[in-house]
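Working notes for the structure below.
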Amino acid sequence: MSLCAVKGFQRLRQRQCVLISKAVCVHQLHSSPGFTDSCYDGLYPGHIQTTPIQKALLAVGSGVAALQNPYRHDMVAVLGETTGHLALINLRDRMKNDPEGYTILTERPRIRLSTLDLSRMASLPDGSFGREYLRFLEDNHVTPDSRADVKFVDNEELAYVMQRYREVHDLLHTLLGMPTNMLGEVAVKWFEAAQTGLPMCALGAVLGPLRLNSSRLQSLFTSLGPWALQNGRRSRCILSIFYERRWEQNLEDLRQELNIEPPPVILSAANKRST
Amino acid sequence: MAASMRLLVRRVLRLSHRNINVAAAGGSGRSGCCSGSSSCRCFSDATGDRSTHFGFETVPETEKAKRVYKVFENVAQKYDVMNDAMSLGIHRVWKDMLLHAMHPQPGVRLLDVAGGTGDIAFRFLEYVQSQQERQKRRAARSTQTPSWQDISTNYSTEDKDGPQESKAVVCDINKEMLKVGKQKADSMGVSAGLSWVVGDAEELPFDDDQFDIYTIAFGIRNVTHIDQALQEALRVLKPGGRFMCLEFSKVTNPVLARLYDTYSFQMIPVLGEVIAGDWKSYQYLVESIRKFPDQEEFKGMIEDAGFYCVHYHNLTGGVVALHSGFKL
Chain A
40 MSLCAVKGFQ RLRQRQCVLI SKAVCVHQLH SSPGFTDSCY DGLYPGHIQT TPIQKALLAV
100 GSGVAALQNP YRHDMVAVLG ETTGHLALIN LRDRMKNDPE GYTILTERPR IRLSTLDLSR
160 MASLPDGSFG REYLRFLEDN HVTPDSRADV KFVDNEELAY VMQRYREVHD LLHTLLGMPT
220 NMLGEVAVKW FEAAQTGLPM CALGAVLGPL RLNSSRLQSL FTSLGPWALQ NGRRSRCILS
280 IFYERRWEQN LEDLRQELNI EPPPVILSAA NKRST
Chain B
26 MAASMRLLVR RVLRLSHRNI NVAAAGGSGR SGCCSGSSSC RCFSDATGDR STHFGFETVP
86 ETEKAKRVYK VFENVAQKYD VMNDAMSLGI HRVWKDMLLH AMHPQPGVRL LDVAGGTGDI
146 AFRFLEYVQS QQERQKRRAA RSTQTPSWQD ISTNYSTEDK DGPQESKAVV CDINKEMLKV
206 GKQKADSMGV SAGLSWVVGD AEELPFDDDQ FDIYTIAFGI RNVTHIDQAL QEALRVLKPG
266 GRFMCLEFSK VTNPVLARLY DTYSFQMIPV LGEVIAGDWK SYQYLVESIR KFPDQEEFKG
326 MIEDAGFYCV HYHNLTGGVV ALHSGFKL
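So the protein lines, in turn, are chains A and B.
My numbering numbers the first residue of the first sequence as 40 and each following residue consecutively.
My numbering numbers the first residue of the second sequence as 26 and each following residue consecutively.
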C-alpha cells in the first residue's frame, strides 16, 4: 500500500514538473507589455498552482473557516476543490461514458445570466423546466452568476467538471423542488453527496443538520433525507444533462428521464425563517 | 512501515522545495527573458518603456504602481489581521523596536510614509505621551516644596504644553489603507496631533525641511523607484533629521533561511486565501520580499541618496532589518 502511495507521489512530481514548465511556456507566450488579466499563468484562467502541502493546508484552513462562518462560500468552494480530486475523476469518467455528457465535455457550456435568454424562458408554459427554473430564481432571489471560479484544481478538464457541478447546483434545486433555506440546502447536499461522492458534499451533509431545529430535523430524517439519498444513488448523472437545450421540456418528464421521484414534502420558498 | 512513511514525508518536502526552486528559477527565467527583450526595447524605444519587477513577474514600470495600488486596495480591510496571522504577532515587536530606536522626545514632528493603517503613528503618539508624563513626574518630584515665588512662576508658564506638542503625519498613496487607519484612530479615540495625507513616496506633497523624523515601515519595497523615495526623504527632513526604515531583508543563517522560505511560500498565500480570500496579493508580498536588495546594498542606496551615519540592525535573524541615517 505504501509502495503505491510512493508511486503516486512520483507520478504527481512528474505531473507537477510538466505543469510548471507548461505554465512558464504560457507566460512566455504572453509576456508582452500591458500584461492584463486576459493572459494567465496556469492551465486555465484563474488557475493557481499549488503544492500538495499547500493543498492540505488549504483544505484544513478552508474547512475551519467555512465551519466558523458558513456564509463564506469561497471557503466552501476551496474545500471542495482541494478534497475532490478522486470524486472529480469519477464524475468525469461517468460523463465521458454518457453520450450527452461527452457532448458537454467537448462543448463546455457555461450557465451565466449573459448566456440565458430570460425573456424567452419567461414565455415558456408553466411546468416546463425553463419556466420553473426562472420561478425558482425569482422566488429565492438568487442569480446564476454568484458561483466562484475554480482555482486549485490542477487539471483543465476536471476544473470544468467542478465548475459545471457548481453551476448545475441551482438547476438541481429546481429538479428536486427544494428552496434555498437551510432544510432545502441540506436535502440537496444529501442528494449531491450520494450522487457525486465529493467530500465537501459529504461534510455539508453531515454538518448541515446540526443547524436545523427539531421539527425540520424530523422531516429530514423521516422523509426528505431517505428520498434524497435514494434518488441520488439511482438517478442518472446530473452533470451529463445538457440543460441549456432542455428548457422547453416538461419538468415531470425530465424528472422521469433522470429517474428522480418528485419530492415527498412540498417546501415553499416563503419558509425562510431562521432555523 | 515507519521507514516508508519517512520516505513519503521526505518526498513531499522535496517536492514542495523543488516547486519553490522551480518557481523561483521559473520566475527568474521569466524575468531574465523578459528583461532581455525589454532592454532591446530600451534601445529601440525612444520613450524609454522600461520594465521592473512585480514579485517574480516582470511588468512595465508604469504598471507596477497601479498593480501595487490594487493589491493594497484589496487587502486593506484584513491588513492588520493578516499581519498578526502571518508573523504570529511578531510584527508588533518589530514596530516597538523601531520606536525604541527612535526614542522620540516631546515636540518632534514625524512623517510616516506608506503608513497606511497607522501602526507607527499610533505607537509614536503613545511613546511621546508617556515621555511627556515621565518628564512631568520628574519635574513634580524635584519641586516638592515650592516657595511662593515658584508657584506664581508655574501659574504664568502653565501653557508651555503648546510648543511641546508632537505631530505625526501619516502619508500613504492608497486611500483604502488610510481609511482603515482613520477608522482605527476613531475607535481608539486618538485624534490630537495626527493627520492623514494622500501622497506618493516618490513625490511627497510637503515643503523642504519640514520633519524631524521620517519613517517607512514595510513600504519601501513596493515603491517603483526606491532612489527617488530616498531623495524625497532627504528633502523633507530638517537638517539633523533622522531617516528610519523597517523592511524585510535577507536572512543570513542558512537553516533559518530555508525554514523562512518554506514558511513564506507554503503558508502565507494559504493564509491569504483562507483569511482574506486573496491568494495572489500575498503571493506578491512574499515574492516582493525576495526581490528587495539586501542589507548592505540598501545601506549603499541610502548613502548614495545623501544620508550620513547609515547603520542597520537585523531583527529576528535578518528577517527584518532596521536601517537608519541622518541628514546633516
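Don't be surprised by glycine CBs; every beta carbon is placed ideally from N, CA and C.
- prompt: Quick one, which of B:Leu135, B:Phe97, B:Phe317 and B:Gly297 has its alpha-carbon nearest Met111 of chain B's?
  reply: For Met111 of chain B, the nearest C-alpha among the options comes from B:Gly297.
- prompt: Does the Cβ of Ser349 of chain B have 16 or more other Cβ atoms within 10 Å, making it buried, or fewer, making it exposed?
  reply: It is buried - the Cβ of Ser349 of chain B has at least 16 other Cβ atoms within 10 Å.
- prompt: Quick one, which residues of the region 147-163 of chain A are near chain B if we go by CB-CB under 8 Å, in chain order?
  reply: Listed in chain order, the positions of the region 147-163 of chain A with a beta carbon within less than 8 Å of a beta carbon of chain B would be empty, since no residue qualifies.
- request: Taking only heavy atoms of the ligand SAH into account, decide whether any of them is closer than 6 Å to the Cβ of Val195 of chain B.
  value: This structure does not include the ligand SAH; it has no bound ligands of any sort.
field: Reference Leu176 of chain A, options A:Asn194, A:Val189 and A:Arg151, closest by Cα
entry: A:Arg151 is the residue among A:Asn194, A:Val189 and A:Arg151 whose C-alpha sits nearest the C-alpha of Leu176 of chain A.
- request: Would you verify that the beta carbon of Gly302 of chain B is, or is not, closer than 7 Å to some beta carbon of chain A?
  value: Under the Cβ distance rule, Gly302 of chain B counts among the residues neighbouring chain A, one pair being separated by less than 7 Å.
- prompt: Any beta-carbon of chain B closer than 7 Å to the one on Gly100 of chain A?
  reply: Chain B, which has a Cβ nearer than 7 Å to the Cβ of Gly100 of chain A, makes this yes.
7 Å Cβ cutoff met for Lys324 of chain B and Leu259 of chain B: Judged by their CB atoms, Lys324 of chain B and Leu259 of chain B are not nearer to each other than the 7 Å cut-off.
- prompt: Is there a Cβ from chain A that is less than 7 Å from the Cβ of Gln102 of chain B?
  reply: Not a single C-beta of chain A is nearer than 7 Å to the C-beta of Gln102 of chain B.
field: Cut-off 8 Å between Cβ atoms - residues of its own chain near Ser191 of chain B, not counting five sequence neighbours on either side
entry: Close CB contacts of Ser191 of chain B within its chain, under the 8 Å cut and outside five residues either way in sequence, are with Pro129, Pro131, Gly132, Val133, Arg134, Leu135, Phe149, Leu150, Val153 and Gly218 (chain order).
- prompt: Which residues in the same chain as Trp304 of chain B place their Cβ atom closer than 6 Å to its Cβ, once the five residues preceding and following it in sequence are excluded?
  reply: Only Pro294, Gly297 and Glu298 meet the Cβ criterion.
query: Does the Cβ of Pro303 of chain A have 16 or more other Cβ atoms within 10 Å, making it buried, or fewer, making it exposed?
result: Around the beta carbon of Pro303 of chain A, fewer than 16 other beta carbons lie within 10 angstroms, which makes this residue exposed.
- prompt: What do you get for Pro218 of chain A, buried or exposed, if any count of 16 or more other CB atoms within 10 angstroms of its CB means buried?
  reply: Label assigned to Pro218 of chain A: buried.
- prompt: Since Glu298 of chain B meets chain A, which of its residues come closer than 8 Å, beta carbon to beta carbon?
  reply: The contacting residues are Leu97, Gly100, Ser101 and Val117.
- prompt: Along chain A, in chain order, which residues have C-beta atoms closer than 7 Å to that of Val295 of chain B?
  reply: Gln93, Leu96, Leu97 and Gly100, listed in chain order.
query: Going by Cα to Cα distance, which pick from B:Lys207, B:Ser274 and B:Asn247 is closest to Ser216 of chain B?
result: Residue nearest to Ser216 of chain B within the set B:Lys207, B:Ser274 and B:Asn247 is B:Lys207 (criterion: CA-CA distance).
query: Hey, out of B:Ala90, B:Thr87 and B:Ala193, whose CA is closest to Ile241 of chain B's CA?
result: Of the listed residues, the one whose Cα sits closest to Ile241 of chain B is B:Ala193.
query: Does any C-beta atom of chain B lie closer than 7 Å to the C-beta of Ala187 of chain A?
result: Closer than 7 Å: no.
query: Roughly how many angstroms lie between the CA atoms of Ser167 of chain A and Ala161 of chain A, to the nearest whole one?
result: So the two alpha carbons sit approximately 10 Å from each other.
task: Could you list which residues in chain B have their beta carbon closer than 7 Å to that of Ser113 of chain A, in chain order?
output: Correcting the residue identity first, residue 113 of chain A is Asp in this sequence and not Ser. Going along chain B in sequence order, the residues near Asp113 of chain A (Cβ under 7 Å) are Gly302.
- request: Work out the CA separation of Leu214 of chain A and Leu290 of chain A for me, nearest whole Å.
  value: Answer to the nearest angstrom: the Cα atoms are 7 Å apart.
message: Using a Cβ-Cβ distance cut-off of 7 Å, determine whether Ala320 of chain A contacts chain B.
response: Beyond the ends of chain A as shown, which are 40 and 314, falls residue 320 of chain A; an answer cannot be given.
query: Excluding five sequence neighbours on each side, which residues of the same chain lie with their C-beta closer than 8 Å to the C-beta of Asn276 of chain A?
result: Position check: residue 276 of chain A holds Cys in this sequence, whereas Asn was assumed. These residues qualify, in order along the chain: Leu130, Arg133, Met134, Asp137, Gly140 and Gln234.
query: How would you label Asn199 of chain B, buried or exposed, when you count the other beta carbons within 10 angstroms and need 16 or more for buried?
result: Buried, since its Cβ has 16 or more Cβ neighbours within 10 Å.
query: Assuming Glu201 of chain B and Phe317 of chain B make a contact with CB atoms under 8 Å, what is their CB distance in whole Å?
result: The beta-carbon distance between Glu201 of chain B and Phe317 of chain B, rounded to whole angstroms, is 23 Å. This is too long to meet the 8 Å contact definition.
query: In angstroms, rounded to a whole number, what distance separates the CA positions of Met292 of chain B and Phe147 of chain B?
result: Whole-angstrom Cα-Cα distance: 29 Å.
query: With which residues is Asn289 of chain A paired in a DSSP beta bridge?
result: Asn289 of chain A pairs with A:Ser167.
task: Name the two residues that bound the continuous alpha helix (DSSP H) containing Thr275 of chain A.
output: Reading the sequence as shown, one finds Arg at residue 275 of chain A and not Thr. In this chain, Arg275 of chain A is not harboured by any alpha helix (DSSP H), its DSSP state being neither H nor E.
message: Pull the bridge partners of Ile241 of chain B from the DSSP assignment, please.
response: Bridge pairing for Ile241 of chain B: B:Val138 and B:Cys270 [DSSP].
query: Which whole-angstrom value describes the C-beta separation of Val189 of chain A and Gly85 of chain A, a residue pair presumed to lie in contact below a C-beta threshold of 8 Å?
result: The pair is a contact, with the Cβ atoms about 7 Å apart (cut-off 8 Å).
- request: Output yes if chain B places a C-beta closer than 7 Å to the C-beta of Ile87 of chain A; else output no.
  value: So yes, Ile87 of chain A belongs to the interface.
query: Exposed or buried, what is Ile196 of chain B when buried is set at 16 or more other beta-carbons lying within 10 Å of its beta-carbon?
result: Note on identity: in this sequence residue 196 of chain B is Cys, with Ile being the wrong assignment. Residue environment for Cys196 of chain B: buried (at least 16 other C-beta atoms within 10 angstroms of its C-beta).
task: Measure the C-alpha to C-alpha separation of Leu268 of chain A and Leu127 of chain A and round it to an integer number of angstroms.
output: Whole-angstrom Cα-Cα distance: 19 Å.
query: With a CB to CB cut of under 6 Å and the five nearest residues on each side skipped, what residues in its chain are close to Ala315 of chain A?
result: It is not possible to answer for residue 315 of chain A, since the shown part of chain A is limited to 40 through 314.
query: Would you say Glu272 of chain B and Ile245 of chain B are within 7 Å of each other, going by their C-beta atoms?
result: Contact annotation: Glu272 of chain B and Ile245 of chain B have beta-carbon atoms nearer than 7 Å.
query: How is Ala346 of chain B classed by DSSP in three states: helix, strand or coil?
result: DSSP places Ala346 of chain B in strand when its eight states are reduced to three.
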